[in-house]
Every structure is written in structure tokens, then in C-alpha cells.
Amino acid sequence: ELRSILELQGLQDAPMAWCREKDEHGEETPFMQIDLPTEEAARKMAARSVGIKGVFEPWGTGTSRAACFAAVSAYPKERQAPYIAEGSTFKINVVSYGLNLGDVERKEVIEECFQHVEFKGKVLMDKTRKGVRAGRGPRAENQFWYFEDRGTSETGNARERMDPPHQVHFCREIALGQRHLLDHFELKKRDYLCSTSMTAENSFFVANFAHAAPGKLVLDPFCGSCSLLISAAHFGAYTMGGDIDIRVIRGKEKDAPLPSHCRYARTLKDVAIGPLSNFDQYGLMRPLDIVRCDNAHPVWRMATVFDAIVCDPPYGVRAGARKTGCTKEAKPIPEEHRATHIPGTVPYDIKDVLIDLLDFAAKYLRPGGRLCYWIPTTTEYSQDDLPQHPSMRLMYDCEETLSLKLSRRLITMLKVKDMV
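Each residue of the sequence shown is one higher than the one before, counting from 1 in my numbering.
If you want it as C-alpha cells, here you go:
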């Protein structure tokens, strides 16, 4: 996600590495070091990312608290001065990864901070916890963070208190990430849902990989309740949606005395809530249109019109893919019913779905446009299993583990040339 966001700023080559590598037990660290040219670039990155807690400037790093604060003492005073000056406000946050620090330990850390940094400003407490705003109200101008990276034990449990930390960091906050959006756009709070609505976090990941931004046009050909388009609209993009299931895009009767999955409205006059209700709920610009369409038989007449195509193709038991077709002998449609007739559908194999999707993207994406889609995989997955197209190049292949044997992947492809 970070690499994709930096591409928007032309910083795709910015050095990026984990603060420490996995050890023999596969233990990971949540801390990453990125070299950026300016603080403004860091703020722009944090303004889009839902995968990071924040961006921080390290003033000191060590393998122990003493070593970390020794490095802080050696940090150039002229670099510290603007953020600890008299008349400013500040707060010191203490966070440990892999071990919960008690109030006594937190107080010891904060007192030691004052021994190594000459704070001249005034303390201002706020409701920020572990990098996420937990309440409203003013924040201190300058936020400082003490991080301990303790990791996990060999059994995967939290480490013992006597175990030394892997690394200790003392940093100045530059900007917090957008993790608060996950609560604001949480599915439980959304007006209109389908059985396969995408989570807020994954939807924002897709929007960032697709480079959704003001002035760009984003299409979801399997839009359902429009979860992916909502995140794209949040970043200012124009959106369009399509789906073969007319019931889903038409909407539901909100107060019908039926189970939720049976409340789909039979006519437009019966619709109480639908995909557009979600955009209105969040105050977002509505899609340019949502149409009933078939991925196997595109209805679009203009080519190279979309900046991004995003989708979560139907592949599960609850919502298997369908395409226009008939298993019985077709009968003529009476003239008086042609305007409102909805063609029948037949099963649509996932392999055919993906092949048609790539053909569609190669034809309707502008050069440099992106295709982002989810696919189900197993532990036997290989990139060679992905469908290929001469006009499309694989950019990212990101895995979300669902169980020991199953996962799903977010595939991002770039259109490198027009179809011949």
C-alpha cells in the first residue's frame, strides 16, 4: 500500500525496509524505515494510508532504553529546538509492541524522557491511543512517541517482562495514518449491505492500489453494495458501478416483514434503501450511474475511458458468478415486455470471469490505468496461475490469510499499451 501511495508522488523508488528482519521463528516487526525527501511527502502518504499507525521522525534508536536515550541526547539540538520551544505544547506517548507496559513503567519512561530532552513547552494531554484518535478535542502541537519492539515469544505469545526488547525508538510524530476511517466506514454501521460486502479496510487498500483521486473515473463491474466505490469516492474519484443482479443494485424494502436477504424490492417505487443510500450516508458524491450489465458481454461503447477498474468478482457459494444465458430453449419476448425484460442467467466459471475481466480492462482502461481485483487462493497458489494479457503487467500481488489452507489475494495490474 505504501509503495503504491508513493507512486502518486513520483517517489516509487524511495528506500523502504523493515527495521529488523524476521528471525528463525518467523517473528516480524511492525516498524518500517522509509527515507523520504520532505515531511510534506510523509504527510501526503499518511493522509491516504489505512495500513499504518503513523509516520515518525526517529530521534534515537537502540537495543535498550539506555542506548535509545543516549542516541536522543546526541541528536542535534538545532533539530530539536523548534519542537520543544517555550510556548509550544507537547505530549509523550508510550507504546510497547508485544508487551503491555503498566502505569509505573510508563511513568518511568516519561521521567527518563525529561532527563534527555529539554522540554520548554507545556504538556497537553489528549485522547490518542496507540496511534489512533480515541476522542475529540485539541491535540498537543508536538507529539513524541516512545516505542518498544518486543515481538513475540517462540510460542507466539507475548514475551516475558524480563526479556529485553529487540529495539527501542524515540520519535517525533509527523502525521498519523487514516486508521480512524475504519471505524467511520465500518460495515456494521452502513445502511445498505449485501452478503459479500467488502470490509472498509480492504476497500481502502483497493482504492490506494487503484490510485483513486480527484478527476479520475473508477468502475466496479461487480459493484453489489458499492463498498469499493465508496472508498474511491472518499478520495475524490468519480465512480460508476455495474452488476448483473438487478435486485442488488435496485435496493431493498427497509421495513418489509422478511429476513434481510429476502427484502429486495420488486419495483423501484418499493425501494427504501439501496447502493446510493451508502453514498448519501457518508456525504459522498454519488456514482455517475449504476447499471445492470454483464461482464461477459460489455455494454460500454467507448474504449479507454476508465482510469481504474476495481472489483471483487463473485466466486463463493453464497454469490457465485453468473452471466447472461439460458439453459432451456429461448422463447421470443413479447414486444410489450421488452423494455422491462431482465434476461436469464447461467453459471459463470471463475476462470472465464478473470479472462473476460482482463480483456475488458485491456480495452476500456486508459494507458497507465490500473486493474485491481480479488481472487481466492490456496496454499498451492503460484503467480503462474494468474491469467495474463499482453496489454497488462502485474504490479502487486498481496495476500490476506483466511485460514491455514485458504487465502485471498489483491491483484493489481497496470495497462502498459492499447490492444492491437
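A virtual CB, placed ideally from N, CA and C, is assigned to each residue, including glycine.
Could you tell me if residue i is buried or exposed, where buried requires 16 or more neighbouring beta carbons within 10 angstroms of its beta carbon?
i: S197; result: buried
i: S4; result: buried
i: P15; result: exposed
i: G156; result: With a pLDDT of 49 at G156, under the threshold of 50, the modelled position of this residue cannot be trusted; read the value that follows with caution. G156 comes out exposed.
i: G10; result: exposed
i: S225; result: buried
i: M240; result: buried
i: D356; result: buried
i: F306; result: buried
i: K44; result: buried
i: G54; result: buried
i: S195; result: exposed
i: F114; result: exposed
i: L404; result: exposed
i: E411; result: According to the sequence shown, residue 411 is Ile rather than Glu. Counting Cβ neighbours within 10 Å, I411 comes out buried, since at least 16 surround it.
i: L394; result: exposed
i: P479; result: Outside the modelled stretch of the chain, which goes from 1 to 420, sits residue 479, for which no answer is possible.
i: E1; result: buried
i: S227; result: buried
i: T377; result: buried
i: G137; result: exposed
i: D418; result: exposed
i: V104; result: exposed
i: M413; result: buried
i: S64; result: exposed
Tell me, please, which residues DSSP counts as bridged to residue i.
i: I309; result: L219 and L371
i: V299; result: V299 is not bridged to any residue.
i: V55; result: A175
i: M32; result: W18
i: N93; result: W145
i: V109; result: Its beta-bridge partners do not exist; DSSP assigns none.
i: T61; result: H169
i: D243; result: R292
i: P334; result: Answer is none; P334 lacks a bridge partner.
i: T38; result: In the DSSP output, where bridge partners are listed per residue, T38 has none listed.
i: G325; result: DSSP output for G325 lists no bridge partner at all.
i: V416; result: Answer by DSSP bridge pairing: none, since V416 is not bridged.
i: P376; result: R408
i: L394; result: M413
Compare the beta carbon distance of residue i and residue j with 9 Å and say whether it is the shorter of the two.
i: L371; j: K415; result: yes
i: F90; j: F144; result: yes
i: V206; j: T61; result: no
i: Q80; j: V117; result: yes
i: I309; j: G274; result: no
i: R150; j: L217; result: no
i: W300; j: Y348; result: no
i: G422; j: V291; result: With the chain represented from 1 up to 420, any question about residue 422 goes unanswered, as that position is not in the structure.
i: A212; j: G236; result: yes
i: G121; j: A175; result: no
i: P204; j: V50; result: Looking at the sequence shown, residue 204 is not Pro but Phe. Yes, these two residues count as a Cβ contact at 9 Å.
i: A350; j: P313; result: Going by the sequence as given, residue 350 is Ile instead of Ala. It is a contact, given that the beta carbons lie within the stated cut-off.
i: A17; j: Q33; result: yes
i: G242; j: P214; result: no
Which of the three DSSP states, helix, strand or coil, is assigned to residue i?
i: N100; result: coil
i: M285; result: coil
i: T340; result: helix
i: T155; result: Caution is warranted here: a pLDDT of 49 is assigned to T155, below 50, making its placement in the model unreliable, and the coordinate value is therefore given only provisionally. In this structure, T155 counts as coil in the three-state DSSP scheme.
i: H211; result: coil
i: Q12; result: coil
i: R48; result: coil
i: S407; result: strand
i: C226; result: coil
i: L357; result: helix
i: D385; result: helix
i: C194; result: coil
i: C68; result: helix
i: E400; result: strand
i: V206; result: helix
i: I5; result: helix
i: V248; result: helix
i: Y348; result: coil
i: Y75; result: coil
i: K120; result: coil
i: P82; result: helix
i: R139; result: coil
Contact check, residue i vs residue j under 8 Å by CB: the rounded distance?
i: A232; j: F279; result: The Cβ separation is near 11 Å, so there is no contact.
i: Y315; j: G251; result: About 24 Å; that fails the 8 Å criterion.
i: P323; j: D294; result: In the sequence as displayed, the identity of residue 323 is Lys instead of Pro. That belief holds up - the Cβ atoms of K323 and D294 are roughly 6 Å apart, short of 8 Å.
i: R139; j: Y83; result: Actually they do not touch by this definition, with Cβ atoms about 14 Å apart.
i: N208; j: R48; result: 6 Å
i: V95; j: V109; result: Incorrect: roughly 10 Å between the Cβ atoms, too far for contact.
i: R408; j: W374; result: 5 Å
State yes or no: is the beta carbon of residue i nearer than 9 Å to at least one beta carbon in chain D?
i: L187; result: Of the chains in the structure shown, none is chain D; there is only one protein chain.
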